[in-house]
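Peer 1: Count the sequence shown with the numbering used here and you get residues 915 to 1646, in order.
Beta carbons are placed, not taken as given, at the ideal position from N, Cα and C, and that holds for glycine.
Got a structure for you, questions after.
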Amino acid sequence: MPELSRRRFLKISSASIVTAGAAGSSLAALARTSGATGESGLRQVPTFCDICFWKCGCIATVREGRLWKLEGNPLDPLCRGRLCPRGTGGVGALTDPDRLRTPLIRTQERGAEKWKEATWEEALTHIAEKMKKIAATHGPEAMALFSHGIGGTFLKHTLKAFGSPNIAAPSFAQCRGPRDVGFRLTFGEDIGSPERTDIENAQCLVLIGSHLGENMHNTQVQEFATAVGRGASLIVVDPRFSVAAGKAKYYLPIKPGTDLALILAWMNVLVTEKLYDVEYVTKHGHGFEAFVAALAPWTPEWAYPETGINPALIRATAREMARYRPATLVHPGRHTNWYGDDAQRSRALALLNALLGSWGRKGGFYAPSTMAVPDYPYPEYPKAKRPKVDNPDHKYRFAHETLTTGIREATLTGQPYPIKGWLVYATNLLQALPSEAETIRAIQQLDLLVVIDVVPSETAGWADVVLPESTYLERHDELNVEVFKEPFVALRQPVIASPHDQKPNWWIARQLAVKLGLESYYPWKDIEEYLGARVKEAGLDFAELKKHGLIRGPREPLYFEDGAPAEFGTPSGKIEFYSNQLQQAGFDPVPKFTRPEAGPPGSFRLLFGRAPVHTFSRTHTNRVLSDMMSENAVWVNAAAARRLGLKSGDRVRLRNQDGVLSHAVGVKATERIRPDCVYLVHGFGHTARGLRHAFGKGASDAQLITRYKVDPLMGGTAMNVNFVTLEPAERA
Ligand SMILES: Nc1nc2c(c(=O)[nH]1)N[C@H]1C(S)=C(S)[C@@H](COP(=O)(O)OP(=O)(O)OC[C@H]3O[C@@H](n4cnc5c(=O)[nH]c(N)nc54)[C@H](O)[C@@H]3O)O[C@H]1N2
Ligand SMILES: Nc1nc2c(c(=O)[nH]1)N[C@H]1C(S)=C(S)[C@@H](COP(=O)(O)OP(=O)(O)OC[C@H]3O[C@@H](n4cnc5c(=O)[nH]c(N)nc54)[C@H](O)[C@@H]3O)O[C@H]1N2
Ligand code: SF4
Ligand SMILES: [Mo]
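Listed below in structure tokens is the structure:
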């Protein structure tokens, strides 16, 4: 790893470099990765990270039976030998003294966080009996599973075998759903995760609220550092002067919620000045003339009062994008549930990329590939008697994944049919879904809530049964058959044994199935048997996979010019500048801008996002990471703070439009944010008493998000629609 690029990677993040400094692994180290203890008394095991869902390959070094350090696996194309600070800090997940140790069964009313310890036999028998009772009374579809990440694979299998189709993750309706819908409507394909963005080859990169450097998805940040390092032109649009904005040639401090107006005006400039890729659009486009006609009114002068961005700057940035096309990448974003018109805003981003000809082109969006690893030959699942509950009558026409909040709604209303049991795996619904009150009300309707977690989260606090999982460093998981720039298969394998009575998800899912009388769905007895069978079927060598942690496959062409097929999975088979699908469903065939509703006078719009050393709400109890950032601060524009008589370091509480009051936090008075909004890092302000280290530290954006707007195309829940005022607080 050249030292220079590693430094750049660190510089891009605003994190302390303490833990990240340990990152970077040598090939010599890899030679020792067989898992056997070497001469030095060190044992190294390759596996992949789970502190977030990027799944970077890592090498764990164990010394005298204890995990000593985690480094990037140099063979892994995702991490290229370097973990992000969170990945390195994964050591703290293992040693967290607040970990769940044994199964727990509730002894008092829901939410009291009072349980008795149970054996796995007792806990699983209890769950299976309840599930059977629910199925007998309401049908098996009345059981739902919320699950986030690869660890949910086997529980999904068990639930499908049980006969329920109601399985959802917050990664759609609370995260990337609008983006994938917007791009699918335009190009006929999702963006996927990892995103198919060719950041490292972009000549011009446009980030619209994608705050790379704080959002630490590893490959993206490394490629971002490469692009910045070689002088790529960077345009950043954000109401907050993010870490990325600090590297930008053009920074556009947009009025929150008005990006669609800016994107329409940019497209207007590209079309009226004929700066778009005429050849590409002619060859691949559908409905271009109707699109051009629809764009006519959306001039930079029209967009100015909406966005606060000067027309000259709108023109200059549109021309800058055109100058470098097709190697101009307008980043599609990831967390895109913002203001309620998000699928249309994402579609506008897709259209802007289409005008620049960047889809399928170097420095734009590459064509990903994957290795052929056949699924395990399970028996066929029983046919669910009723359709999924989350999207009745296909109300959200363009939702192509299950809506968490749709399942919650059905639980609340009993419509279209009642949901009576939730299995919740590795998702903290009370932090991840908007409106904590609705989640709690839905939980009150349940006959069974089972939470499978590593720590006693807020959601676990409401559970009837809590099951303690082994951490990712103590277990196997499903194979990661990655869809990426180059194909590879990666293995998660245990580095160390679980310290208490924790069990891996595959074991829990299998045992539960056995108790439910579904053993025939688990022809394999042990995870290695399962993984080995899949790997063998793919013609790969399991021993090699265990030794190196991954096996790479041959690269495929990435760009149209290299032979990647220029095919679009839309109804017209082309890039849909005008969408007949949308028009037929009663939506705008070319996106239109609607002005976001303003908040109460004197209030600030509440914005939120990521910090480099934390993941969502899941790392605040990790001592290594929380030592670097134990509390969030509320960013307030310096002039606005002065008007309120506040200065940096003062303690305040945030009160939202519905009267909800946050924990006390420090003020960060700064020029780096517009005066009409404030900003919090997501995931703080824990209220679960068992999270002793995180309890009461910082303010929770989730608690303040009592309102949300639902995207009419796909049912995503937009959360940037809450407003707060600030009140002085006594020092905690
Ligand atoms: N207010 C607000 N809400 C948001 C967001 C936001 O920024 N603000 N972001 C949205 C986005 S983009 C996303 S992707 C989602 C993320 O939503 P979630 O994935 O639900 O994220 P977390 O809140 O971190 O909850 C993860 C839970 O998994 C547990 N966990 C961690 N490791 C393991 C493990 O190995 N096994 C098991 N069984 N459990 C484990 C953690 O302890 C924690 O309780 O949230 C969405 N919701
Ligand atoms: N360290 C770390 N990295 C992560 C994660 C993590 O938990 N921790 N989570 C990962 C996941 S699953 C996701 S989805 C991503 C999320 O990260 P991103 O996809 O980058 O999305 P957001 O978190 O929504 O972005 C928040 C940014 O948008 C800005 N913003 C708010 N409103 C507006 C607006 O109206 N217009 C514009 N232009 N900007 C606006 C905010 O000021 C902030 O800078 O991060 C990923 N990377
Ligand atoms: S980006 Fe960081 S936390 Fe996420 S998988 Fe990679 S190293 Fe782990
Ligand atoms: Mo996300």
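Closest to L1594 by C-alpha separation, out of T1601, R1567, L1605, would be which residue?
Peer 2: Locating residue 1594 in the sequence shown gives position 680, where the first residue counts as 1. If we check each option's Cα against that of L1594, R1567 comes out closest.
Peer 1: Can A1082 and I1321 be called in contact, C-beta distance under 8 Å?
Peer 2: Here residue 1082 refers to the residue found at position 168 when the sequence shown is read from its first residue. Here residue 1321 refers to the residue found at position 407 when the sequence shown is read from its first residue. Yes, these two residues count as a Cβ contact at 8 Å.
Peer 1: If we call anything under 8 Å between Cβ atoms a contact, is I1223 one with I1168?
Peer 2: The residue you call residue 1223 lines up with position 309 of the sequence shown. The residue you call residue 1168 lines up with position 254 of the sequence shown. Their beta carbons are under 8 Å apart, which means I1223 touches I1168 by this criterion.
Peer 1: If contacts are defined as beta-carbon pairs under 8 Å, then P1219 and D1590 qualify, I think. What distance do you get, rounded to the angstrom?
Peer 2: The residue given as residue 1219 occupies position 305 in the sequence shown. The residue given as residue 1590 occupies position 676 in the sequence shown. Actually they do not touch by this definition, with Cβ atoms about 14 Å apart.
Peer 1: Which same chain residues, not among the five before or five after Q1359, have their C-beta less than 6 Å away from its C-beta?
Peer 2: Residue 1359 sits at position 445 when you count from the first residue of the sequence shown. Excluding positions up to five away in sequence, the list reads T1325.
Peer 1: Given that a residue counts as buried once 16 or more other Cβ atoms are within 10 Å of its Cβ, and exposed if not, what is R1237?
Peer 2: Counting from one through the sequence shown, the residue named residue 1237 turns up at place 323. Exposed, because fewer than 16 other Cβ atoms sit within 10 Å of the Cβ of R1237.
Peer 1: Just the residues with CB closer than 5 Å to a heavy atom of ligand 3, in chain order, which are they?
Peer 2: For ligand 3, the selected residues are C963, I965, C966, W968, C970, L997, C998, R1000, G1001, N1132.
Peer 1: Using only the alpha-carbon positions, how far apart do Q1022 and S1384 sit?
Peer 2: Against the sequence shown, residue 1022 aligns to sequence position 108. Against the sequence shown, residue 1384 aligns to sequence position 470. Whole-angstrom Cα-Cα distance: 26 Å.
Peer 1: Shortest alpha-carbon distance to S1562 belongs to which of Q1571, H1577, N1546, N1570?
Peer 2: In the sequence shown, residue 1562 corresponds to position 648, counting from 1. Comparing Cα positions, the closest option is N1546.
Peer 1: Give every residue of the same chain whose Cβ lies closer than 6 Å to the Cβ of K1623, excluding the five residues on either side of it in the sequence, and list them in chain order.
Peer 2: By one-based count along the sequence shown, residue 1623 stands at place 709. Closer than 6 Å at the Cβ level, and outside the excluded window around K1623, lie G1254, A1632, V1635.
Peer 1: Is H1600 helix, strand or coil by DSSP?
Peer 2: In the sequence shown, counting from the first residue as 1, residue 1600 sits at position 686. Three-state result, H1600: strand.
Peer 1: Is the closest heavy atom of ligand 4 to the C-beta of R1537 under 7 Å?
Peer 2: Position 623 of the sequence shown holds residue 1537. The answer is no for R1537.
Peer 1: For V1192, is the classification buried or exposed, using 16 other Cβ atoms within 10 angstroms of its Cβ as the cut-off for buried?
Peer 2: Taking the sequence shown and counting its residues from 1, the one referred to as residue 1192 is at position 278. Burial call: exposed.
Peer 1: Helix, strand or coil: which one does DSSP assign to T1242?
Peer 2: As a working note, residue 1242 is residue 328 in the sequence shown. Three-state DSSP puts T1242 in a strand.
Peer 1: I'd like the span of the alpha helix (DSSP H) that includes L1496, first residue to last.
Peer 2: In the sequence shown, residue 1496 corresponds to position 582, counting from 1. First-last of the alpha helix (DSSP H) with L1496: 1494 to 1498.
Peer 1: Given a cut-off of 8 Å, decide if V1380 and L1018 are closer than it, judged by their beta-carbon atoms.
Peer 2: For the purposes of this step, residue 1018 is identified with residue 104 of the sequence shown, where counting begins at 1. For the purposes of this step, residue 1380 is identified with residue 466 of the sequence shown, where counting begins at 1. Taking 8 Å as the Cβ cut-off, L1018 and V1380 qualify as a contacting pair.
Peer 1: Where R1098 and G1483 are concerned, what is the direct C-alpha to C-alpha distance, given to the nearest angstrom?
Peer 2: As a position in the sequence shown, residue 1098 is number 184, starting the count at 1. As a position in the sequence shown, residue 1483 is number 569, starting the count at 1. Looking at the two C-alpha atoms, the distance is approximately 8 Å.
Peer 1: Would you check if the distance between the CB atom of T1100 and the CB atom of L1243 is smaller than 8 Å?
Peer 2: Indexing the sequence shown from 1 puts residue 1100 at position 186. Indexing the sequence shown from 1 puts residue 1243 at position 329. No. Outside cutoff.
Peer 1: Please list, in chain order, all residues of the same chain as A942 whose beta carbon is under 8 Å from its beta carbon, the five residues on each side excluded.
Peer 2: Here the question's residue 942 lines up with position 28 in the sequence shown. Interpretation of A942 is limited by its pLDDT of 38, a score under 50 that renders its predicted location unreliable; the figure taken from the coordinates is listed afterwards. For A942, where only same-chain residues beyond five positions count, there are no Cβ hits under 8 Å.
Peer 1: Does ligand 4 have a heavy atom nearer than 7 Å to the CB of H1249?
Peer 2: Position 335 of the sequence shown holds residue 1249. Yes, the Cβ of H1249 comes within 7 Å of a heavy atom of ligand 4.
Peer 1: Counting pairs of Cβ atoms below 8 Å between the region 1112 to 1123 and the region 1085 to 1097, do you hit three or more?
Peer 2: Result no; under three Cβ-Cβ pairs closer than 8 Å.
Peer 1: Quick one, are the C-beta atoms of E1055 and A1286 less than 8 Å apart?
Peer 2: Here residue 1055 corresponds to residue number 141 of the sequence shown, with the count starting at 1. Here residue 1286 corresponds to residue number 372 of the sequence shown, with the count starting at 1. Cβ atoms of E1055 and A1286: not closer than 8 Å.
Peer 1: Mind checking who C966 pairs with in its DSSP beta bridge?
Peer 2: For the purposes of this step, residue 966 is taken as residue 52 along the sequence shown, with counting starting at 1. Paired residues: none, contrary to the question.
Peer 1: Taking C-alpha atoms, which residue in G1453, Q1571, V1550 lies nearest to D1564?
Peer 2: Position 650 of the sequence shown, counted from the first residue, corresponds to residue 1564. For the residues G1453, Q1571, V1550, the minimum Cα distance to D1564 belongs to V1550.
Peer 1: In the structure shown, what three-state DSSP assignment does A1286 receive?
Peer 2: Residue mapping note: residue 1286 aligns to position 372 of the sequence shown, counting from 1. A1286 falls in the coil class under three-state DSSP.
Peer 1: Which value, in whole angstroms, describes the spacing of the CA atoms of D1006 and K1302?
Peer 2: The sequence position of residue 1006 within the sequence shown is 92, counting from 1. The sequence position of residue 1302 within the sequence shown is 388, counting from 1. In the sequence under discussion, the amino acid at residue 1006 is Gly, which differs from the Asp named in the question. Going by the C-alpha atoms only, they are around 39 Å apart.
Peer 1: Report yes if the C-beta of Y1339 is less than 7 Å from at least one heavy atom of ligand 6; otherwise report no.
Peer 2: This structure lacks ligand 6; its bound ligands are ligand 1, ligand 2, ligand 3 and ligand 4.
Peer 1: Could you name the residues that DSSP lists as bridge partners for M1057?
Peer 2: Walking along the sequence shown from the start, residue 1057 turns up at place 143. Beta-bridge pairing links M1057 to G1335.
Peer 1: What do you reckon, are the CB atoms on K1582 and L1472 nearer than 8 Å?
Peer 2: Within the sequence shown, residue 1582 is the residue found at index 668, counting from 1. Within the sequence shown, residue 1472 is the residue found at index 558, counting from 1. The answer is no: Cβ separation not under 8 Å.
Peer 1: What's the call for A1049, buried or exposed, on a 16-neighbour Cβ count within 10 Å?
Peer 2: Working through the sequence shown from its first residue, we reach residue 1049 at position 135. Buried is the call here.
Peer 1: Answer yes or no: do L989 and H1462 have a C-beta to C-beta separation smaller than 8 Å?
Peer 2: For this step, residue 989 is matched to residue 75 along the sequence shown. For this step, residue 1462 is matched to residue 548 along the sequence shown. Yes, the Cβ-Cβ distance between L989 and H1462 is below 8 Å.
Peer 1: How many Å lie between I1333 and H1600 at the Cα?
Peer 2: Taking the sequence shown and counting its residues from 1, the one referred to as residue 1333 is at position 419. Taking the sequence shown and counting its residues from 1, the one referred to as residue 1600 is at position 686. Spanning the two alpha carbons is a distance of roughly 28 Å.
Peer 1: Is D1378 helix, strand or coil when you go by DSSP?
Peer 2: The residue you call residue 1378 lines up with position 464 of the sequence shown. DSSP places D1378 in coil when its eight states are reduced to three.
Peer 1: Report yes if the C-beta of R1239 is less than 7 Å from at least one heavy atom of ligand 2; otherwise report no.
Peer 2: For the purposes of this step, residue 1239 is taken as residue 325 along the sequence shown, with counting starting at 1. Every heavy atom of ligand 2 is 7 Å or more from the Cβ of R1239, so no.
Peer 1: Alpha carbon to alpha carbon, how far is A1208 from T1186? Give it in angstroms, no decimals.
Peer 2: The residue labelled residue 1186 in the question sits at position 272 within the sequence shown. The residue labelled residue 1208 in the question sits at position 294 within the sequence shown. In a straight line, the C-alpha of T1186 is about 12 Å away from that of A1208.
Peer 1: My assumption, with CB atoms under 8 Å, is that W1029 sits in contact with L992. Please give the rounded CB distance.
Peer 2: Here residue 1029 is taken as the residue at index 115 of the sequence shown, counted from 1. Here residue 992 is taken as the residue at index 78 of the sequence shown, counted from 1. Not a contact, Cβ separation roughly 38 Å.
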